[in-house]
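Visitor: Residue numbers (UniProt numbering): 11 to 498.
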Ligand code: ADP
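1. Quick one: is the Cβ of residue 193 within less than 7 Å of any heavy atom of the ligand ADP?
2. Answer yes or no: the CB of residue 170 versus the heavy atoms of the ligand ADP, is any distance below 7 Å?
3. What would DSSP say about residue 203, mapped onto helix, strand or coil?
4. Helix, strand or coil, according to DSSP, for residue 234 in the structure here?
5. Can you grab the Cα-Cα spacing for the pair residue 324 / residue 464, in whole Å?
6. What are the start and end residues of the beta strand (DSSP E) that includes residue 268?
7. Just checking residue 474 against the ligand ADP - is the residue's beta carbon closer than 7 Å to any of the ligand's heavy atoms?
8. Quick one: Cα of residue 275 to Cα of residue 282, how far?
9. Tell me which residue opens and which closes the beta strand (DSSP E) that residue 399 is part of.
10. Return the first residue and the last residue of the alpha helix (DSSP H) that residue 169 is part of.
11. What does a CB cutoff of less than 6 Å around residue 136 pick up in its chain, not counting 5 residues either side in sequence?
12. Mind checking whether residue 347 and residue 307 have CB atoms under 8 Å apart?
13. Go to residue 489, then tell me how far its beta strand (DSSP E) extends in each direction, as first and last residue.
14. Keeping to the same chain, check which residues put their C-beta closer than 7 Å to that of residue 212; ignore five residues upstream and five downstream.
15. Is residue 231 near the ligand GTP, with its Cβ less than 7 Å from a heavy atom?
16. Does any heavy atom of the ligand ADP sit closer than 7 Å to the C-beta of residue 166?
17. On the CB-based measure, 16 or more other CB atoms within 10 Å of its CB, does residue 473 come out buried or exposed?
18. When you measure from the CB of residue 361 to every non-hydrogen atom of the ligand ADP, does any distance come out below 7 Å?
19. Which residues does DSSP list as the beta-bridge partners of residue 452?
20. Could you check whether the segment 438-447 touches the segment 105-112, counting it as contact only if at least three pairs of C-beta atoms, one from each stretch, sit closer than 8 Å?
21. Taking Cβ to Cβ, would you say residue 319 is nearer than 8 Å to residue 288?
22. Less than 8 Å between the CB atoms is what I'm expecting for residue 31 and residue 240, so what's the real figure, rounded?
23. Does DSSP put residue 297 in a helix, in a strand, or in coil?
24. Quick one: Cα of residue 389 to Cα of residue 326, how far?
25. Keeping to the same chain, check which residues put their C-beta closer than 7 Å to that of residue 451; ignore five residues upstream and five downstream.
26. Give me the residue from 48, 24, 18 with the minimum Cα distance to residue 334.
27. Below 7 Å, is the gap between the Cβ of residue 203 and the nearest heavy atom of the ligand ADP?
28. Report whether the distance from the Cβ of residue 228 to the nearest heavy atom of the ligand ADP is below 7 Å.
29. Within 7 Å: the Cβ of residue 173 and any heavy atom of the ligand ADP?
30. Could you pull the start and end residues of the alpha helix (DSSP H) that residue 107 belongs to?
31. Rounded to whole angstroms, what is the Cα-Cα separation between residue 403 and residue 210?
32. By Cβ distance below 6 Å, which residues in the same chain neighbour residue 214 in space, the five residues on each side in sequence not counted?
33. Where does residue 116 fall in DSSP's three states?
34. Do residue 156 and residue 369 have their CB atoms nearer than 8 Å?
35. Helix, strand or coil for residue 274 per DSSP?
36. Would the C-beta of residue 247 count as close to the ligand ADP, meaning under 7 Å from any of its heavy atoms?
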């Protein structure tokens, strides 16, 4: 390992069956700091055969006494220990995360707290995976329903929340009694390996959590989908890859949980408290440089408050501090990689060509670094623009003026995506009407940041299937078994 200035938590080895696998006999790939371009580590580029070994290890661990014989309380205690260790190492994990993802250090610390809250939550849920005894229709029978772990689950996670997307899945899987193979994003493997190291220290048995670092996402993803030993796939990432995985899971009738892209509407009604709406807009849009799947993507603002909202938002956007996320006052870091940078700048150019109005930003900030893009506001966005029809995943606010509630709701729902939606209104009747009519899985009413371990996260339409977090987060990792006790 060539890591400098980092803690002992930095692992540059993949983890299969409790063995830390170094790169001596393998190809490696570089992990880069997107703020500076600096290489911060090299990790093994695991092959399909390696991934198969990880599946075998997870299966063996699932069937072993060390795991299967545990009670829910034992598993809960292990998760609590893991939670305690992540808490203890919060600062180091946050620094690793900022270095490999570019997210501002304060947000990285926030993600450690948020991501770790799922470990704690599922430690608590582990003991409440109740079955049922249902009153039988026949006198000599008992209808018993129990929940059992599905077996090995493969978890494929993205770079935008390098910790939380792993804990939200692995916490639930382990609570249910499953074992896992994690394939973290190739952009952010170090955070994944650091928390896996802590899981090992927490006493979670070998093979229960395996981490496959790789650039061979496509063939390894296909293996996960097609291997009969993998009973479920949980994926967070792009809609395009999600659809591919869903198709590949069809043959094996595999359990799938998909958390895919959104195209979140953010509606500001005339009845809104505009100051609160501006606060919510800033939080929802600029967290992680706009690179979250619940980021507001299309802002619909009603005529009566339009000028006020746009003026205030513009002031706030112009005041944002941009730079390397390791500086504690920075609010906007770089985009994750060149591909995302090109996508964001291409979308803004497309809007410019389609006669939208760019009132702030609209350009790269190469004086700061190659992957920095200026926080941008675009108004008069035509519905044909890419920033309207697709998720921009960058620091770009797209604003559309509307006349009445029906028009706002119709436009908000005018997409095949349906993850989060937000609106600001102080009118009670309107709040209920609109909350019920938005075609999304999650609604923020007078609130721009809504994720929490207690709440079910997930989408409708092409934004996904399944829910993560909350008591429902366990469902994807258990099978329901009905036992008919007859001739009593
Ligand atoms: P993002 O836009 O968030 O990078 P991706 O869907 O490309 O979205 O990436 C999310 C995760 O999916 C990453 O871990 C990535 O390596 C993985 N991935 C990318 N392509 C595939 C694929 N064909 N099969 C399985 N996983 C994939």
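Beta carbons are placed, not taken as given, at the ideal position from N, Cα and C, and that holds for glycine.
Note that the structure is predicted; figures quoted are calculated from it, not measured.
Guide: Taking the structure as given:
1. Yes, the ligand ADP has a heavy atom inside 7 Å of this Cβ.
2. Result yes, Cβ under 7 Å from the ligand ADP.
3. In the structure shown, residue 203 sits in a helix (DSSP, three-state: H, G or I).
4. Assignment of residue 234 by DSSP, reduced to helix, strand and coil, places it in the helix class.
5. Using only the alpha carbons, I get a separation of about 34 Å.
6. Start and end: 265-269.
7. It does not: the Cβ of residue 474 is nowhere closer than 7 Å to a heavy atom of the ligand ADP.
8. The straight-line gap separating the alpha-carbon atoms of residue 275 and residue 282 is approximately 15 Å.
9. No beta strand (DSSP E) holds residue 399; the alpha helix (DSSP H) holding it covers 396-399.
10. In the DSSP assignment, residue 169 falls outside any alpha helix (DSSP H) and carries neither an H nor an E.
11. Excluding residues within five positions, the ones whose Cβ falls inside 6 Å are 82, 85, 86, 185.
12. Going by C-beta atoms, residue 347 is not nearer than 8 Å to residue 307.
13. Counting along the chain, the unbroken beta strand (DSSP E) around residue 489 starts and ends at 488-495.
14. 88, 91, 92, 95, listed in sequence order.
15. This structure lacks the ligand GTP; its bound ligands are the ligand ADP.
16. Correct: residue 166 has its Cβ closer than 7 Å to the ligand ADP.
17. Looking at its Cβ environment, which holds 16 or more other Cβ atoms inside 10 Å, residue 473 is buried.
18. No, since every heavy atom of the ligand ADP falls outside the 7 Å radius drawn around the Cβ of residue 361.
19. For residue 452, the pairing in a beta bridge is given by DSSP as 430.
20. No contact exists between the segment 438-447 and the segment 105-112.
21. In this structure, residue 288 lies closer than 8 Å to residue 319 by Cβ.
22. The C-beta separation of residue 31 from residue 240 comes to about 20 Å, leaving the pair out of contact by the 8 Å criterion.
23. Helix, per DSSP.
24. If I take the Cα positions, the gap works out to 16 Å.
25. Excluding positions up to five away in sequence, the list reads 428, 429, 468, 469, 470, 473.
26. Among 48, 24, 18, the Cα nearest to that of residue 334 is on 48.
27. No, the ligand ADP has no heavy atom inside 7 Å of this Cβ.
28. Between the ligand ADP and the CB of residue 228, the shortest heavy atom gap is smaller than 7 Å.
29. Checking the Cβ of residue 173 against the ligand ADP gives no.
30. Counting along the chain, residue 107 sits inside the alpha helix (DSSP H) bounded by residues 100-111.
31. Rounded to the nearest whole angstrom, the CA to CA distance from residue 403 to residue 210 is 34 Å.
32. The beta carbon of residue 214 is closer than 6 Å to those of 88 in its chain, skipping five residues each way along the sequence.
33. Helix, per DSSP.
34. Annotated as distal: residue 156 and residue 369, with beta-carbon spacing of 8 Å or more.
35. Strand, per DSSP.
36. Annotation for residue 247 indicates a beta carbon within 7 Å of some heavy atom of the ligand ADP.
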